[in-house]
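Per numbering that gives the first Met the number 0, the very first residue in the sequence shown carries number 0; after that it's consecutive.
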Amino acid sequence: MNIGDALDIARLLKQAYDLYKACKAAPEEIRLAADYVHTMTLVLESVKSDLVTNKASFMHQKTALAKAKQQKLAQLIKRCQASVTQQERVLKKFQRFKADGGLGAYNKWKWSTSGKKEIADAKSELVLSSNLLNIFISTETVNILYKIEAYIEVMMPKIAALDLFPNDPRGQLTSTTPRPRSDSNVKVTIILSLVIARLKRTLDEYRWKQARKNKKLRPGPRRPQAVTRVNSGLVPNKNRDSLVQSYASQIVIPSNQPPGRSIPPRTPSPDFYLIDDTNNTTDPIPRPIRRTSSIQRITRRINARTVQPRTVREHFECWKVGVPELAIGLKVPPKYLHQRRGQAQLRKMAEVFNEASKYDKRALNEKSVSVKHLLKHKNKDEKKGKRWYLAGGRLIARDVGNSGFLIVEKSLVILVRR
0 MNIGDALDIA RLLKQAYDLY KACKAAPEEI RLAADYVHTM TLVLESVKSD LVTNKASFMH
60 QKTALAKAKQ QKLAQLIKRC QASVTQQERV LKKFQRFKAD GGLGAYNKWK WSTSGKKEIA
120 DAKSELVLSS NLLNIFISTE TVNILYKIEA YIEVMMPKIA ALDLFPNDPR GQLTSTTPRP
180 RSDSNVKVTI ILSLVIARLK RTLDEYRWKQ ARKNKKLRPG PRRPQAVTRV NSGLVPNKNR
240 DSLVQSYASQ IVIPSNQPPG RSIPPRTPSP DFYLIDDTNN TTDPIPRPIR RTSSIQRITR
300 RINARTVQPR TVREHFECWK VGVPELAIGL KVPPKYLHQR RGQAQLRKMA EVFNEASKYD
360 KRALNEKSVS VKHLLKHKNK DEKKGKRWYL AGGRLIARDV GNSGFLIVEK SLVILVRR
């Protein structure tokens, strides 16, 4: 491994951290890009911890395969650096417009065609470069993005089921009962603690997956076994741990969605009705009663949720597609590589790609070669009566190789099944 490679990653991490902090104080269209910078920073920390500082990784080997992987990683790092620099230019334009002509000049540029194109291209390049780097390191180490997103997707419906039985403020507060906080984050804390605990367990299993408990020795000679338990070289990374926690918080509570203020429980005014026992003309004393029981109130809430119309279930998948073609005109079967990500993240990625495709003539559509091959491949194997459609995509590059004899069109395609 070259010292320059480690310095490039460290320099890019510093640049990404600074950009993330600066985007937080920018308008909404730039502030949304901070989430994608956050994702890239988490992937870069995984590269630094699991590959660069890991003595057992290919970065410290001198074989031909290791050198090829090092060159591929260097290309992906350069692409990430170019996307971060592109987003920095958008941020500097906002700062320059704000200093010269105020927010009015920036809003005029933002709503122009060139402004929309530049903002959309910057976000799409951030998403594309971070996903390509994540696909590469997923073959060498743990896909940390998918682990976090998958655990949260499993836990969120279970935690949301607790909302069927909310604390009813009527009759709950007494003189000895403490008043709860108005903005309680108990739900978020539970989700994050479960996600972090599960992620740590997964990392421990990955590091020591070859470890086995001692078994009773059988009489006679033992079967010779290969020695497979070796040091993985992985070390704890505090920066990545903090990024994992903040990334999980970002998924549970998106940065572009302001947190809602919950209504604190309070003692309501009781319901009254008049009871005239004495048959006199004077006003009787009102007496409080309870109109409905607790079980009826809970039943109505459950029934109200069950009668709601079911929404259309959608399932997203992300694929890296390579369509090779020989220079003499012969066709070669395409190659597909599946990237595992969370459903909510794939939906956002598709929206970013679709927004950028409005201003790009080379944007992917259902008539593109890579999309046609992938849709044909997926719909052929689909047996549930549903169909796959294009949700979004982005052309990566047309790789001609060193000889120019084989041309490969590489694309990142997101499909949706309805």
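Here a beta-carbon is modelled for each residue, glycine too, at the ideal position from N, C-alpha and C. In this text the structure is predicted, and so the values were computed from the model without any measurement.
Backbone secondary structure at residue i - three-state DSSP
i: S174; result: With a pLDDT of only 46 at S174, under 50, the local geometry of the prediction cannot be trusted, and no value is derived from it.
i: S56; result: coil
i: S48; result: helix
i: F135; result: helix
i: R397; result: strand
i: R416; result: strand
i: A196; result: helix
i: K23; result: helix
i: P323; result: strand
i: L405; result: strand
i: E316; result: strand
i: L31; result: coil
Through-space distance from residue j to residue i, alpha-carbon basis
i: V320; j: S48; result: 28 Å
i: S129; j: D359; result: 20 Å
i: V194; j: P156; result: 14 Å
i: T112; j: R30; result: 20 Å
i: V368; j: E408; result: 9 Å
i: G101; j: Q14; result: 26 Å
i: D34; j: K23; result: 9 Å
i: Q70; j: H376; result: 31 Å
i: N166; j: E152; result: Summary for N166: the model assigns pLDDT 49, below 50, so the residue's position carries little reliability, and this model does not support an answer.
i: V42; j: I118; result: 23 Å
i: S241; j: P333; result: 40 Å
Nearest neighbour of residue i, chosen from the options [CA to CA]
i: T188; options: A119, F315 and I250; result: I250
i: H314; options: R346, E148 and L336; result: R346
i: V126; options: L144, T138 and A326; result: L144
i: R197; options: R239, L242, P235 and I147; result: I147
i: R386; options: H37, R416, E204 and N133; result: R416
i: Y205; options: E139, L191 and A149; result: E139
i: Y19; options: K122, E354 and G114; result: K122
i: L394; options: S410, E87 and A67; result: S410
i: F404; options: L414, K237 and K330; result: K330
i: L72; options: Q85, F57 and Q86; result: F57
i: F135; options: E354, K357, R361 and Q338; result: Q338
i: P235; options: N364, L50 and Y16; result: L50
Residue i, buried or exposed, once every other Cβ within 10 Å from all chains shown has been counted against 16
i: Q94; result: exposed
i: G391; result: buried
i: W110; result: exposed
i: I76; result: buried
i: E27; result: exposed
i: S402; result: exposed
i: H372; result: buried
i: G400; result: exposed
Along the chain, which unbroken stretches of the beta strand (DSSP E) at least 3 residues long are found entirely within the region 328-381? 334-338
For the region 62-131, which segments carrying the alpha helix (DSSP H) assignment without a break, of at least 4 residues, lie completely within its bounds, in sequence order? 63-99 and 102-109
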